[in-house]
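Colleague:
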Amino acid sequence: MLELAGIIILGILAQWVAWKFKIPAILPLILIGLLVGPIAAEFFSEDGSKWIEPIWNGREGLFPGESLFYFVSLAISIILFEGGLTLKLNEIKNVAPAITKLITLGSAVTFFGAAIAAHYTFYLSWEISFLFSSLIIVTGPTVITPILRNIPLPKDVSAVLKWEGILIDPIGALIAVLVFEFISVDAGGEFTKRAFIEFGKIVLFGFTFGFTFAHALNTIINKKWIPHYLLNVFALASVLGVFVLSDSFAHESGLLAVVVMGMVLGNSKSPYLKELLYFKESLSVLLISILFILLAANINISDLLLIYNWNTAVLFAIVVFIIRPIAVFLSTYKSSLKLKEKLFVSWVGPRGIVAAGIASLFGLKLAKSGIQDAEYITPLVFMIVLGTVLLNATTARVFAKLIGVFLKKSEGILIVGASKLSRLIGHYLEQNGRHVVMIDSNPLNIKKSEELGLEAINTNIYSDTLMDNIELNDVGFLMALTASSDINKYAINKFSKQFGENGSFRLLTADEMNNADIIPREGLFSQTDDFNSLSEVTRKYPAINEIEIKDKTHFINLLNISDSDPDIIPIFVKNHKGILDIISSSNKDKHTIEPGYILVYLGKPFDVENM
Numbered sequence: 001m002l003e004l005a006g007i008i009i010l011g012i013l014a015q016w017v018a019w020k021f022k023i024p025a026i027l028p029l030i031l032i033g034l035l036v037g038p039i040a041a042e043f044f045s046e047d048g049s050k051w052i053e054p055i056w057n058g059r060e061g062l063f064p065g066e067s068l069f070y071f072v073s074l075a076i077s078i079i080l081f082e083g084g085l086t087l088k089l090n091e092i093k094n095v096a097p098a099i100t101k102l103i104t105l106g107s108a109v110t111f112f113g114a115a116i117a118a119h120y121t122f123y124l125s126w127e128i129s130f131l132f133s134s135l136i137i138v139t140g141p142t143v144i145t146p147i148l149r150n151i152p153l154p155k156d157v158s159a160v161l162k163w164e165g166i167l168i169d170p171i172g173a174l175i176a177v178l179v180f181e182f183i184s185v186d187a188g189g190e191f192t193k194r195a196f197i198e199f200g201k202i203v204l205f206g207f208t209f210g211f212t213f214a215h216a217l218n219t220i221i222n223k224k225w226i227p228h229y230l231l232n233v234f235a236l237a238s239v240l241g242v243f244v245l246s247d248s249f250a251h252e253s254g255l256l257a258v259v260v261m262g263m264v265l266g267n268s269k270s271p272y273l274k275e276l277l278y279f280k281e282s283l284s285v286l287l288i289s290i291l292f293i294l295l296a297a298n299i300n301i302s303d304l305l306l307i308y309n310w311n312t313a314v315l316f317a318i319v320v321f322i323i324r325p326i327a328v329f330l331s332t333y334k335s336s337l338k339l340k341e342k343l344f345v346s347w348v349g350p351r352g353i354v355a356a357g358i359a360s361l362f363g364l365k366l367a368k369s370g371i372q373d374a375e376y377i378t379p380l381v382f383m384i385v386l387g388t389v390l391l392n393a394t395t396a397r398v399f400a401k402l403i404g405v406f407l408k409k410s411e412g413i414l415i416v417g418a419s420k421l422s423r424l425i426g427h428y429l430e431q432n433g434r435h436v437v438m439i440d441s442n443p444l445n446i447k448k449s450e451e452l453g454l455e456a457i458n459t460n461i462y463s464d465t466l467m468d469n470i471e472l473n474d475v476g477f478l479m480a481l482t483a484s485s486d487i488n489k490y491a492i493n494k495f496s497k498q499f500g501e502n503g504s505f506r507l508l509t510a511d512e513m514n515n516a517d518i519i520p521r522e523g524l525f526s527q528t529d530d531f532n533s534l535s536e537v538t539r540k541y542p543a544i545n546e547i548e549i550k551d552k553t554h555f556i557n558l559l560n561i562s563d564s565d566p567d568i569i570p571i572f573v574k575n576h577k578g579i580l581d582i583i584s585s586s587n588k589d590k591h592t593i594e595p596g597y598i599l600v601y602l603g604k605p606f607d608v609e610n611m
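Here the sequence shown stands for residues 1 to 611, where the numbers follow full-length UniProt numbering.
This is how it looks when you write it as structure tokens:
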């Protein structure tokens, strides 16, 4: 009981540490597992026993016989299913060519390059070498996001790394599963005709069961044959059922079936998909917390000594400093990425949850089957995982500054609320070269924003999903433009540190607008305008206008005219370089003005002839 409770407590503690220090959770999880497992047995135990012993050894241990093997199999099936849910086929079609090439050509370079490197550095069999290379194809958003969360980068660089991680996770898992199935069908013997037939059965049943039961589950959910409160647990039971059922028809086809099931269900149009994904993410966090402490603790010192040599350093260097850059530069050839941006993408390639989890599972299975060199799989993959996460977590920010991709000033703008007023302002900003992101919980507002070519995210500001969006790393300004003063204030309090380092602004409340003594520093545009007045002007005059400023006196005169006319609302001052300065209620007349500057305003045009 103490060991089981300890694993859960240590797992959640590791997740908290990862969140607190903005590092991938897999790092503290594996380190804790190694500490309570092989390190404790070697250095802190008189009788050589581990503090946490995953397999029953006659005296202690959590899982008797092959129970650990079964638990790992079921846990990995759930994690892979959740990964499959995130893969959207339309995203593969719509992403930039560089990202498409990274997950195809780049994966092929890693697959063959790492296999050759493993074969000639450790003299592993070709089968095990290719299994190793297939396992280290994946990067994954769970390791990339924490590393890049606080590094201001150009949007294109963040997008490439984010989408590579999301798309390559299930694809890499699928390749690894197929390679494993191909090896296991003949248990290390010659690849006879029977072996190919068995492999064909695995692929056939894996794809068939995954595809069929995904559609069946989707139909059951959409027809509401399952009560809402049972929806998530029914889906969980379905995944486990498909895994076991497929395995019973073709041994080792279960993992392939759940990956395919996740992919098919993830591309359906079920209204419950997002809720299902949230549940699977929460479950995956718990399973990962338990799983990786167990897997790391199950490693023995003898396993670590297998790779305690210079060959390990050589293999790591080849994978990280040769194969990864070759894959990136070939994939981004003739792309819009600059040389320094390609170098940064080459440097950041941490391996994560899927690689370590599947490696441990396959290592256990193949070693049990007596496959030659199978004992190298788990320690070698763990070495790549820990090495790349440590390298990128400690050097990514410094490397970004060194090569010049680190943004000294984040000029992107996050607009909370996507009403007609927000869309009008956002569209103008986008036309003037600013990266604009709109967020709103109303799908219709998001759709209208996207029709204008604006980047828009359908989310609730009370959710934490925005905090993990590394594509917003170039955002330095925040504008809260919703009809709710409470939401506007909440947005400023929650997001100003991350997204408003150069300025956080919100619309005034009715009390602030009617009280001249209250001039909030973050108040937008003027002391006399709230959401209602701005929306009314937008309805009457849905346009943003510009007027050239002659000098400071002319600028003050324009402001005075706007104060007396509720249908003219100044919003920005644009300098000679096209840089926009947001007008707020506290700095309205304090802008630096030079002849030729532009006053940008909402509403009816100024009467120039009578000025």
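Note that the Cβ used here is the ideal one computed from N, Cα and C, for glycine as well. Keep in mind the model is a prediction, meaning the values are calculated, not measured.
Alpha carbons only, please: which of A296, F316, F399, V405 is nearest the one belonging to G363?
Modeller: On the sequence shown, residue 363 is found 363 positions in, with the first residue counted as 1. Among A296, F316, F399, V405, the Cα nearest to that of G363 belongs to A296.
Colleague: Identify which residue in K497, N488, L421 has its Cα closest to the Cα of G476.
Modeller: Mapped onto the sequence shown, residue 476 falls at position 476. Selected option, being the one with the closest Cα: K497.
Colleague: Looking at the structure shown, is P379 part of a helix, part of a strand, or coil, going by DSSP?
Modeller: Here residue 379 refers to the residue found at position 379 of the sequence shown. Three-state result, P379: helix.
Colleague: May I have the straight-line CA-CA distance separating I147 from D567, to the nearest angstrom?
Modeller: Along the sequence shown, read from residue 1 onward, the residue named residue 147 stands at position 147. Along the sequence shown, read from residue 1 onward, the residue named residue 567 stands at position 567. Looking at the two C-alpha atoms, the distance is approximately 47 Å.
Colleague: When the distance is taken between beta carbons, is I168 closer than 8 Å to S77?
Modeller: Taking the first residue of the sequence shown as 1, we reach residue 77 at position 77. Taking the first residue of the sequence shown as 1, we reach residue 168 at position 168. Against a cut-off of 8 Å, the Cβ pair of I168 and S77 comes out as no contact.
Colleague: Indicate the three-state DSSP secondary structure (helix, strand or coil) for I574 in the structure shown.
Modeller: Numbered from 1 along the sequence shown, position 574 holds the residue referred to as residue 574. Per the sequence presented here, residue 574 reads as Lys, with Ile not at that position. Looking at K574 - three-state DSSP - the assignment turns out to be strand.
Colleague: Is it buried or exposed for Y123, if we count other Cβ within 10 angstroms and need 16 for buried?
Modeller: Stepping through the sequence shown from its first residue, residue 123 is reached at position 123. Looking at its Cβ environment, which holds fewer than 16 other Cβ atoms inside 10 Å, Y123 is exposed.
Colleague: Label R521 either buried or exposed according to how many other C-beta atoms from any shown protein chain fall within 10 Å of its C-beta, with 16 as the threshold for buried.
Modeller: Position 521 of the sequence shown, counted from the first residue, corresponds to residue 521. R521 is exposed by the Cβ-count criterion.
Colleague: Can you give me the C-alpha to C-alpha distance between Y272 and A235, rounded to a whole angstrom?
Modeller: Within the sequence shown, the letter at position 272 stands for residue 272. Within the sequence shown, the letter at position 235 stands for residue 235. Spanning the two alpha carbons is a distance of roughly 11 Å.
Colleague: With a 10 Å radius around its C-beta and 16 neighbouring C-beta atoms as the bar for buried, classify D530 as buried or exposed.
Modeller: As a first step, residue 530 must be located in the sequence shown, where it is residue number 530. With 16 or more other Cβ atoms within 10 Å, it is buried.
Colleague: My guess is that L424 and T538 are in contact by the Cβ rule of under 8 Å, so how many angstroms apart are they, rounded?
Modeller: Residue 424 sits at position 424 when you count from the first residue of the sequence shown. Residue 538 sits at position 538 when you count from the first residue of the sequence shown. Confirmed, Cβ separation roughly 6 Å.
Colleague: The alpha helix (DSSP H) spanning V239 covers which residue range?
Modeller: Along the sequence shown, one-based indexing puts residue 239 at 239. Looking at the DSSP string, the run of the alpha helix (DSSP H) that includes V239 is 231-249.
Colleague: What is the DSSP secondary structure of D486, counted as helix, strand or coil?
Modeller: Taking the first residue of the sequence shown as 1, we reach residue 486 at position 486. Residue state, collapsed to three classes: helix.
Colleague: May I ask you to report which of helix, strand or coil DSSP gives D440?
Modeller: Counted from its first residue, the sequence shown places residue 440 at position 440. Three-state result, D440: strand.
Colleague: So what does DSSP say about R351, is it helix, strand or coil?
Modeller: Start at 1 with the first residue of the sequence shown, and residue 351 comes out as number 351. R351: coil per DSSP, three-state reduction.
Colleague: Measuring CB to CB, does I487 end up less than 8 Å from S504?
Modeller: The residue labelled residue 487 in the question sits at position 487 within the sequence shown. The residue labelled residue 504 in the question sits at position 504 within the sequence shown. No, these two residues do not count as a Cβ contact at 8 Å.
Colleague: At what residues does the alpha helix (DSSP H) containing G113 begin and finish?
Modeller: Taking the first residue of the sequence shown as 1, we reach residue 113 at position 113. Segment 97-122, the alpha helix (DSSP H) holding G113.
Colleague: Is it true that the CB of L361 sits closer than 8 Å to the CB of P54?
Modeller: Here residue 54 is taken as the residue at index 54 of the sequence shown, counted from 1. Here residue 361 is taken as the residue at index 361 of the sequence shown, counted from 1. The Cβ atoms of P54 and L361 do not sit closer than 8 Å to each other.
Colleague: Helix, strand or coil for S504, going by three-state DSSP, please let me know.
Modeller: The residue you call residue 504 lines up with position 504 of the sequence shown. The answer is strand: DSSP assigns S504 an E or B state.
Colleague: Hey, could you find the ends of the beta strand (DSSP E) D581 is sitting in?
Modeller: One-based indexing of the sequence shown puts residue 581 at position 581. Here the beta strand (DSSP E) through D581 covers 580-582.
Colleague: Quick one: using the 10 Å Cβ neighbour count with 16 as the cut-off for buried, is K365 buried or exposed?
Modeller: Residue mapping note: residue 365 aligns to position 365 of the sequence shown, counting from 1. Buried: at least 16 other Cβ atoms inside 10 Å.
Colleague: Verify whether the separation of the beta carbon atoms of Y308 and I128 is less than 8 Å.
Modeller: Looking up residue 308 in the sequence shown gives position 308. Looking up residue 128 in the sequence shown gives position 128. Contact flag unset, no.
Colleague: If you run the structure through DSSP and keep just helix, strand and coil, what is G603?
Modeller: Within the sequence shown, residue 603 is the residue found at index 603, counting from 1. Strand at G603.
Colleague: Can you tell which of P350, T528, V239 has the C-alpha that lies nearest to the C-alpha of T509?
Modeller: On the sequence shown, position 509 is the one that residue 509 refers to. That would be T528, whose Cα lies nearest to the Cα of T509.
Colleague: Select from S535, K342, L304 the residue whose C-alpha is nearest the C-alpha of G417.
Modeller: Here residue 417 is taken as the residue at index 417 of the sequence shown, counted from 1. The option with the nearest alpha carbon to G417 is S535.
Colleague: Could you give the residue range of the alpha helix (DSSP H) that holds G6?
Modeller: If you number the sequence shown from 1, residue 6 lands on position 6. Residues 2-21.
Colleague: Find out if the Cβ-Cβ distance for the pair I547, K574 is shorter than 8 Å.
Modeller: Taking the first residue of the sequence shown as position 1, residue 547 is located at position 547. Taking the first residue of the sequence shown as position 1, residue 574 is located at position 574. The answer is no: Cβ separation not under 8 Å.
Colleague: Relative to the alpha-carbon of V160, which residue among V436, N557, I556, L343 has its alpha-carbon at the smallest distance?
Modeller: The residue labelled residue 160 in the question sits at position 160 within the sequence shown. Checking every option, the nearest Cα to that of V160 belongs to L343.
Colleague: Could you compute how far the alpha carbon of E594 sits from the alpha carbon of P570?
Modeller: Here residue 594 corresponds to residue number 594 of the sequence shown, with the count starting at 1. Here residue 570 corresponds to residue number 570 of the sequence shown, with the count starting at 1. Cα-Cα distance, rounded: 17 Å.
Colleague: What's the call for P310, buried or exposed, on a 16-neighbour Cβ count within 10 Å?
Modeller: In the sequence shown, the residue the question calls residue 310 occupies position 310. Rather than Pro, the amino acid found at residue 310 in this sequence is Trp. It counts as exposed.
Colleague: For a test of the three-state rule: what should DSSP assign to E53, helix, strand or coil?
Modeller: Locating residue 53 in the sequence shown gives position 53, counting from the first residue. E53 falls in the coil class under three-state DSSP.
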